[in-house]
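Notes follow once the structure below has been shown.
2 protein chains.
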Amino acid sequence: MMSKFTIGLDFGTDSVRALLVNAATGGEIACSVHGYARWRAGKYCNAEVNQFRQHPEDYLIGLEAVVRDILRQAPAGTAENVIGISVDTTGSTPVAVDRSGTPLAMTAGFEDNPDAMFILWKDHTAIQEAEEITRHAKNWGGKDFTRFEGGIYSSEWFWAKLLRTLRVDEKVRQAAFSWVEHCDWIPAVLTGNTDPLTMKRSRCAGGHKAMWHKAWHGLPPEAFLRGIDPLLTGWRERLYDHTYTSDTAAGNLSPEWAEKLGLSTEVTVGVGALDCHFGAVGAQIEPYLLSKVMGTSTCDIVVVPAAELKDKVIKGICGQVDGSVIPDLTGLEAGQSAFGDVYAWFKHLLAWPLEHFALEGREEALSRLLPALEQAAAKTPIGQSGAAALDWFNGRRTPDANQKLTGAIFGLNLASSAPLIYRALCEATVFGAKRIVDHFMAEGVTVKGIIALGGIAQKSPFVMQMCADVLDLPVKVAKSEQSCALGAAMFAAVTAGYYPDVETAMKAMGSGFETTYQPIPANTARYAGPYRNYCRYAALVERENTIT
Amino acid sequence: MMSKFTIGLDFGTDSVRALLVNAATGGEIACSVHGYARWRAGKYCNAEVNQFRQHPEDYLIGLEAVVRDILRQAPAGTAENVIGISVDTTGSTPVAVDRSGTPLAMTAGFEDNPDAMFILWKDHTAIQEAEEITRHAKNWGGKDFTRFEGGIYSSEWFWAKLLRTLRVDEKVRQAAFSWVEHCDWIPAVLTGNTDPLTMKRSRCAGGHKAMWHKAWHGLPPEAFLRGIDPLLTGWRERLYDHTYTSDTAAGNLSPEWAEKLGLSTEVTVGVGALDCHFGAVGAQIEPYLLSKVMGTSTCDIVVVPAAELKDKVIKGICGQVDGSVIPDLTGLEAGQSAFGDVYAWFKHLLAWPLEHFALEGREEALSRLLPALEQAAAKTPIGQSGAAALDWFNGRRTPDANQKLTGAIFGLNLASSAPLIYRALCEATVFGAKRIVDHFMAEGVTVKGIIALGGIAQKSPFVMQMCADVLDLPVKVAKSEQSCALGAAMFAAVTAGYYPDVETAMKAMGSGFETTYQPIPANTARYAGPYRNYCRYAALVERENTIT
Numbered sequence: 008m009m010s011k012f013t014i015g016l017d018f019g020t021d022s023v024r025a026l027l028v029n030a031a032t033g034g035e036i037a038c039s040v041h042g043y044a045r046w047r048a049g050k051y052c053n054a055e056v057n058q059f060r061q062h063p064e065d066y067l068i069g070l071e072a073v074v075r076d077i078l079r080q081a082p083a084g085t086a087e088n089v090i091g092i093s094v095d096t097t098g099s100t101p102v103a104v105d106r107s108g109t110p111l112a113m114t115a116g117f118e119d120n121p122d123a124m125f126i127l128w129k130d131h132t133a134i135q136e137a138e139e140i141t142r143h144a145k146n147w148g149g150k151d152f153t154r155f156e157g158g159i160y161s162s163e164w165f166w167a168k169l170l171r172t173l174r175v176d177e178k179v180r181q182a183a184f185s186w187v188e189h190c191d192w193i194p195a196v197l198t199g200n201t202d203p204l205t206m207k208r209s210r211c212a213g214g215h216k217a218m219w220h221k222a223w224h225g226l227p228p229e230a231f232l233r234g235i236d237p238l239l240t241g242w243r244e245r246l247y248d249h250t251y252t253s254d255t256a257a258g259n260l261s262p263e264w265a266e267k268l269g270l271s272t273e274v275t276v277g278v279g280a281l282d283c284h285f286g287a288v289g290a291q292i293e294p295y296l297l298s299k300v301m302g303t304s305t306c307d308i309v310v311v312p313a314a315e316l317k318d319k320v321i322k323g324i325c326g327q328v329d330g331s332v333i334p335d336l337t338g339l340e341a342g343q344s345a346f347g348d349v350y351a352w353f354k355h356l357l358a359w360p361l362e363h364f365a366l367e368g369r370e371e372a373l374s375r376l377l378p379a380l381e382q383a384a385a386k387t388p389i390g391q392s393g394a395a396a397l398d399w400f401n402g403r404r405t406p407d408a409n410q411k412l413t414g415a416i417f418g419l420n421l422a423s424s425a426p427l428i429y430r431a432l433c434e435a436t437v438f439g440a441k442r443i444v445d446h447f448m449a450e451g452v453t454v455k456g457i458i459a460l461g462g463i464a465q466k467s468p469f470v471m472q473m474c475a476d477v478l479d480l481p482v483k484v485a486k487s488e489q490s491c492a493l494g495a496a497m498f499a500a501v502t503a504g505y506y507p508d509v510e511t512a513m514k515a516m517g518s519g520f521e522t523t524y525q526p527i528p529a530n531t532a533r534y535a536g537p538y539r540n541y542c543r544y545a546a547l548v549e550r551e552n553t554i555t
Numbered sequence: 008m009m010s011k012f013t014i015g016l017d018f019g020t021d022s023v024r025a026l027l028v029n030a031a032t033g034g035e036i037a038c039s040v041h042g043y044a045r046w047r048a049g050k051y052c053n054a055e056v057n058q059f060r061q062h063p064e065d066y067l068i069g070l071e072a073v074v075r076d077i078l079r080q081a082p083a084g085t086a087e088n089v090i091g092i093s094v095d096t097t098g099s100t101p102v103a104v105d106r107s108g109t110p111l112a113m114t115a116g117f118e119d120n121p122d123a124m125f126i127l128w129k130d131h132t133a134i135q136e137a138e139e140i141t142r143h144a145k146n147w148g149g150k151d152f153t154r155f156e157g158g159i160y161s162s163e164w165f166w167a168k169l170l171r172t173l174r175v176d177e178k179v180r181q182a183a184f185s186w187v188e189h190c191d192w193i194p195a196v197l198t199g200n201t202d203p204l205t206m207k208r209s210r211c212a213g214g215h216k217a218m219w220h221k222a223w224h225g226l227p228p229e230a231f232l233r234g235i236d237p238l239l240t241g242w243r244e245r246l247y248d249h250t251y252t253s254d255t256a257a258g259n260l261s262p263e264w265a266e267k268l269g270l271s272t273e274v275t276v277g278v279g280a281l282d283c284h285f286g287a288v289g290a291q292i293e294p295y296l297l298s299k300v301m302g303t304s305t306c307d308i309v310v311v312p313a314a315e316l317k318d319k320v321i322k323g324i325c326g327q328v329d330g331s332v333i334p335d336l337t338g339l340e341a342g343q344s345a346f347g348d349v350y351a352w353f354k355h356l357l358a359w360p361l362e363h364f365a366l367e368g369r370e371e372a373l374s375r376l377l378p379a380l381e382q383a384a385a386k387t388p389i390g391q392s393g394a395a396a397l398d399w400f401n402g403r404r405t406p407d408a409n410q411k412l413t414g415a416i417f418g419l420n421l422a423s424s425a426p427l428i429y430r431a432l433c434e435a436t437v438f439g440a441k442r443i444v445d446h447f448m449a450e451g452v453t454v455k456g457i458i459a460l461g462g463i464a465q466k467s468p469f470v471m472q473m474c475a476d477v478l479d480l481p482v483k484v485a486k487s488e489q490s491c492a493l494g495a496a497m498f499a500a501v502t503a504g505y506y507p508d509v510e511t512a513m514k515a516m517g518s519g520f521e522t523t524y525q526p527i528p529a530n531t532a533r534y535a536g537p538y539r540n541y542c543r544y545a546a547l548v549e550r551e552n553t554i555t
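Right, dumping it as structure tokens:
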């Protein structure tokens with residue numbers, strides 16, 4: 008009998024990736040990546056006001072390209088034996104759609120309107136709206152619908168972005184019928200059912216980010232939403248009452264897309280999810296380990312048996328969602344709004360003279376800059392750099408989300424060199440990671456170790472050893488370079504019926520770990536002082552920010 | 008009758024400069040600059056611990072070179088008509104000397120010992136000793152001998168450096184007979200009387216920086232000094248009881264130096280002074296104007312009629328010295344420990360990739376970097392950069408000296424670019440200037456305008472307009488590019504008897520102002536918010552630092 012295959016589709020911030028795997032072993036057959044053209048050209052974005060938008064066409068073009076490409080790479084006969092596709096995306100990344108579920112940017116008159124496009128997770132134009140939602144949830148006299156979001160609604164999420172758009176763009180407001188998350192829209196497109204009222208919405212994006220909870224039988228009630236702003240009147244009934252975990256099939260591949268991709272209509276398409284959830288599964292998450300996707304930002308997830316939490320709600324994290332990661336476990340979600348982005352910021356800062364004077368060899372130099380800085384920074388003994396930093400360059404996601412917080416560098420003197428500051432920035436990001444682990448512990452959630460995945464986990468032994476030392480926990484680095492896509496392929500195998508559940512798929516298809524960083528006790532001791540400094544500076548700046 | 012000439016010698020941080028002027032008009036005949044060779048090579052310094060030492064040979068080689076050079080440039084017959092030389096230097100820059108007044112570094116066995124060299128003003132190795140002196144002055148049960156230093160003794164000054172050296176270098180301690188300030192040693196050398204017990208010590212360096220005051224008839228008493236540390240026993244009697252204002256002659260040029268320089272032994276040599284004091288005179292200081300020497304750091308001086316202050320002592324400044332600038336007026340001294348050095352730090356930071364990868368064209372690029380940043384920074388509207396900084400990269404001199412404070416940058420986000428941060432750094436230095444003016448005002452000292460001199464005053468209209476706007480005061484920029492040396496030449500004319508007093512010399516020899524920056528009211532209003540932020544962040548960091 009011929010082997011069976013599944014496809015994991017992972018829509019990241021910059022590109023979409025497809026991974027073709029053997030459903031029995033998880034063996035990776037082919038992989039393909041496609042960058043979003045409009046995004047690369049910087050279109051529809053304005054970093055100064057944190058506006059980041061992506062065009063739906065970029066997604067569809069990329070989707071077709073990468074699936075076609077992996078099939079081209081695979082041996083003949085593979086396409087016929089693909090049994091399932093699952094999809095993850097960034098999020099909350101919602102878009103305004105018309106009655107047919109078509110994003111407005113794909114309809115006449117809205118082609119170049121950023122408000123008619125997907126509003127990327129890291130778009131922070133809705134800070135004010137998020138604050139209003141949080142305030143209203145505390146004061147409206149009824150249930151606090153943010154309680155499973157740690158009590159603070161984020162500007163990165165569904166309702167804040169929806170409300171912001173309704174306020175600033177009347178045309179979009181008039182033309183929109185409903186709103187859809189990126190990870191729900193792709194399966195809807197692939198199955199040919201984009202009707203906003205009947206497409207299957209995901210538990211983790213369509214659910215959690217929109218304050219859906221089974222405890223209140225769906226989305227927050229109309230009365231609550233209208234109280235935030237009358238503009239929100241009438242949207243609830245054009246959204247959804249149910250959400251689905253990702254072991255559920257959204258449907259089969261539509262004839263149109265089966266033809267486009269070169270696959271059969273027998274292929275099941277799974278309900279989507281946010282990338283870090285599938286990443287955690289791809290990296291074989293287990294209870295009490297914290298799965299940390301370490302890229303431009305981090306997404307941190309701990310899963311615990313639902314029974315253990317009973318009715319306890321964990322404060323100050325981003326989410327507590329039953330079945331968001333593994334159907335029978337409760338996913339506890341946290342993260343850092345900027346991690347690799349902090350290093351990228353510094354690189355960009357130092358690049359200024361090279362770019363401004365258009366020096367020859369600058370591209371080569373820039374490509375080697377971060378490794379060179381890291382090498383120089385590693386030579387400074389722990390705690391001797393003098394400088395200290397706060398990692399809130401993109402606000403703070405966890406603990407206690409606050410998008411108004413900003414980054415800072417302290418302890419500068421005339422001898423503060425680029426490597427010393429780089430070291431301080433690395434330490435700040437890792438201290439930010441420790442604050443999250445400390446917070447989980449303080450809330451009674453045991454964390455016994457870290458599973459690290461994503462670019463930084465693979466590329467920077469310096470930062471990873473620092474993580475182990477600072478957290479005083481073993482840090483396992485996932486072997487697969489595409490854990491998110493691999494997790495998607497595992498879910499695809501479940502929804503296609505190849506495995507009975509995700510746990511079984513993880514065991515059979517997991518690719519294990521390439522390294523484990525163990526904490527070095529002497530280093531852990533040396534980081535204690537700098538970490539206390541970080542916490543003290545953090546408290547100072549936060550208090551100051553609250554006064555402002 | 009042939010014109011008469013005087014020579015102003017100005018020993019700066021990096022180089023010595025000689026200026027030959029017409030004593031009648033102040034017309035500049037010739038100028039010459041010589042960089043210190045050992046200093047340029049980075050010898051005897053360690054920026055990481057703020058150790059900055061200069062070799063006495065560097066001074067003597069430079070002195071001979073620049074005087075010879077200006078005479079070579081001048082028309083024949085000029086040398087014979089030079090009537091006086093006066094000298095200013097940085098300070099407090101003291102050195103350990105033997106019985107003959109020779110700096111130990113010029114004696115056998117100490118040639119390469121940094122502790123046997125001049126300890127440059129910006130050397131901060133004696134922070135602990137300065138704190139001990141301040142504490143002792145408050146607690147010893149007698150007079151507070153720091154009261155004319157604003158109540159806080161600085162690590163930049165005489166006794167702190169002396170005590171530090173005695174503690175860390177037993178060989179130097181054994182070999183030293185006395186200590187001499189740089190600006191007292193050069194006139195001593197030129198007149199051939201280097202005997203530590205009889206050479207004329209200056210009011211502003213030998214006096215003020217060593218807690219000399221006429222109110223207590225000289226240096227602090229032995230009992231006080233011994234109480235700081237028994238190591239200080241016996242030094243007082245090998246120092247001095249009297250100090251002299253710079254309108255006094257130290258003596259005539261010695262036969263040896265007359266020959267070396269190509270001048271006559273008729274030339275009078277004036278009592279020396281610190282550079283910023285002569286700079287203020289060279290820039291025609293008048294009561295209620297703040298003279299600001301703006302270079303790597305700033306030195307700020309206001310002169311007021313002694314009668315006006317009566318017995319009032321101004322707190323939190325660096326000095327209140329009768330006759331330190333102009334014999335009949337009281338000099339009130341303040342300053343910023345880093346000004347241009349903050350910009351230089353940022354340039355050095357951004358230079359890292361260029362240097363590390365040895366990119367071609369880097370020297371040209373670096374020479375144009377600060378102007379390019381300034382041009383880009385000027386395009387950001389006031390108060391819109393988001394970022395804010397503290398200028399304490401080299402501690403804080405005024406108000407309320409505190410060498411433990413450090414620089415910081417706040418409000419950073421992923422869009423914080425090099426020009427935005429550069430703007431924030433410029434604003435921080437100018438806000439630091441405003442804090443000093445505000446402090447003078449709060450202490451009842453009227454400041455009606457600024458006289459700016461030094462490199463930044465001449466080179467950066469951007470920073471100078473910012474000064475006028477932030478301070479809400481007119482800022483006059485001295486026309487002479489070497490106000491310190493010009494002031495020295497004015498004093499030389501007085502000590503040589505060409506003018507009866509400094510005021511007359513200033514009027515006759517002053518070269519006036521090249522520009523006056525007037526505050527732009529709309530800008531002044533826009534800077535109010537950012538300045539409040541600066542003060543708030545300053546209070547935060549200072550409080551934090553006090554807790555540490």
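In order, the protein sequences belong to chains A and B. Here our numbering is used: the first residue of the first sequence is 8, the next is one more, and so on. Here our numbering is used: the first residue of the second sequence is 8, the next is one more, and so on. Glycine included, every Cβ here is placed at the ideal spot set by N, Cα and C.
Closer than 7 Å at the C-beta level to chain A, one finds these residues of the segment 342-355 of chain B: Ala-345, Asp-348 and Trp-352. Around the Cβ of Arg-369 of chain A, a 10 Å sphere holds 16 or more other Cβ atoms; the residue is buried.
Asn-420 of chain A places its beta carbon less than 7 Å from that of Phe-400 of chain B. Interface annotation, Ile-463 of chain B: not in contact with chain A, CB-CB separation never under 7 Å.
Cβ atoms of Asp-105 of chain B and Ala-492 of chain B stay farther apart than 8 Å, at about 30 Å. Linking Asp-318 of chain A to Gln-58 of chain A through their CA atoms gives a straight-line distance of about 38 Å. Around the Cβ of Asn-146 of chain A, a 10 Å sphere holds fewer than 16 other Cβ atoms; the residue is exposed. Scanning the segment 148-199 of chain A for uninterrupted alpha helix (DSSP H) segments of 4 residues or longer gives 165-175, 177-182 and 189-198, listed from N- to C-terminal end.
Note that the C-beta distance between Ser-331 of chain A and Cys-211 of chain A is below 7 Å. Taking 7 Å as the cut-off, the Cβ atoms of Glu-551 of chain B and Leu-397 of chain A do not count as close.
When 9 Å is used as the limit between beta carbons, Thr-436 of chain B is near no residue of chain A, the shortest such separation being about 13 Å. DSSP places Gly-439 of chain B inside the alpha helix (DSSP H), whose first and last residues are 425-449. Secondary structure note for Ser-374 of chain B: its alpha helix (DSSP H) is the uninterrupted segment 369-385. Looking at the DSSP output, Cys-306 of chain A shares a beta bridge with A:Val-300 and A:Gly-342. For Cys-52 of chain B, no beta strand (DSSP E) run applies, since DSSP gives it neither H nor E. If you draw a 10 Å sphere on the C-beta of Ser-487 of chain A, you find 16 or more other C-beta atoms in it, and that means buried.
When beta bridges are read from the DSSP output, Ser-39 of chain A appears opposite A:Ala-25. Counting only Cβ-Cβ distances below 9 Å, Phe-59 of chain A has no contacts in chain B at all, with the closest Cβ about 10 Å away.
Annotated three-state conformation of Asp-476 of chain B is helix, per DSSP.
Taking 7 Å as the CB threshold, Trp-128 of chain B stays off the interface with chain A. Between Phe-346 of chain A and Thr-303 of chain A, the beta carbon gap of about 7 Å places them in contact (Cβ cut-off 8 Å). Among the residues of chain B, those whose CB is under 8 Å from the CB of Glu-367 of chain A are Leu-366, Glu-367 and Gly-368, following chain order. Against chain B, the beta carbon of Gly-414 of chain A has neighbours under 9 Å at Ile-416, Phe-417, Gly-418, Leu-419, Asn-420, Leu-421 and Ser-423, listed in chain order.
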